[in-house]
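For the sequence shown, the working numbering assigns the number 1230 to the initial residue and increments by one for each residue that follows. Quick reminder that beta carbons are idealized off the backbone N, C-alpha and C, glycines included. None of these values were measured; they are calculated from a predicted model.
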Amino acid sequence: MTAPPAPAGNDGKQNFDQAYRELVDSDRFQTDLPRFEPPDAPEPPPDWLSNLLEWLSGTGPFWQVLFWLIAAVLVLLLLFFVGRALQRRFAGGGAAEDGEAEIDEWQPDEKTARGLLGEAEALAREGRYAEAVHLLLFRSISDIEDRLPDFLKPALTSRDISASETLPTPARSAFSSIAAIVERGIFAERPVDEKGWDEARIAYEDFAFRRSWAREGRS
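Next up, the structure:
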């Protein structure tokens, strides 16, 4: 008589145990949990902060609320100034370049400028040189106001405009020449003659027609 076969369940359990051991020994999966290490204890606050909080806890509710309101305002102010500084740093350069590009592309309206120059030349042909030069000066001021409306103020004189670095150097130089001729005729009691008129006309042509509003270093 032969012995009965072993139960199939035992073979399945042995096969499972063997497969499990092989899986553990293969190091394909992590079966051991890492050792837990408690975090380092936080550093105690500085003495001045501890003393401040201790003093604050001894005050009444009114002073506590007032203190935190003041602290919140200070934090908001700090964030405001930091935000403005970052905005100027990252956006200011681009804005400045855009502003210079606009100035480079701008010139007084050529048709208007030539019409004005024609009127001044008509006055000069009649020997009215002072009036002709005054006309060029006033037109130059009007052109500056059109381009830089926030720059011109009622208190500004021709000398102030001539000395301001707000204008590009070529435009400022041309305007200064016209203003100097007018001032000589008024304050130095030297009437504007034909030579003065010629100088003013050339200066106005430089101001209006020769890219005098282009920044230095740009064509």
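| Item | Value |
| --- | --- |
| I need the boundaries of the alpha helix (DSSP H) containing L1346, first residue and last residue. | 1339-1354 |
| Anyone know if the C-beta pair for A1342 and W1426 falls short of 7 Å? | no |
| How is F1380 classed by DSSP in three states: helix, strand or coil? | coil |
| Roughly how far, in whole angstroms, is the beta-carbon of I1407 from the beta-carbon of S1441, given that I think they are within contact range, below 8 Å? | Not confirmed; about 12 Å, so no contact. |
| Which same chain residues end up closer than 6 Å to F1438 when comparing Cβ atoms and leaving out the 5 residues on each side of it in sequence? | none |
| For L1364, name the three-state secondary structure that DSSP assigns. | helix |
| Please look up how many angstroms separate the CB atoms of A1359 and G1414, rounded, as I've assumed it's under 8 Å. | 5 Å |
| My output table needs one value for T1386: the three-state DSSP class, helix, strand or coil. | coil |
| Since P1399 and D1372 should fall inside the 8 Å C-beta cutoff, what is the C-beta to C-beta distance between them, to a whole number of angstroms? | Actually they do not touch by this definition, with Cβ atoms about 13 Å apart. |
| Could you give the residue range of the alpha helix (DSSP H) that holds E1434? | 1423-1438 |
| According to DSSP, is D1276 part of a helix, a strand, or is it coil? | helix |
| Just to confirm before moving on: does the CB-CB distance between L1285 and Q1293 stay below 7 Å? | yes |
| Give me the residue from A1409, L1381, I1390 with the minimum Cα distance to R1401. | I1390 |
| Considering P1399, what are the terminal residues of the alpha helix (DSSP H) in which it resides? | 1398-1416 |
| Check whether the Cβ atoms of V1362 and I1431 lie closer than 7 Å to each other. | no |
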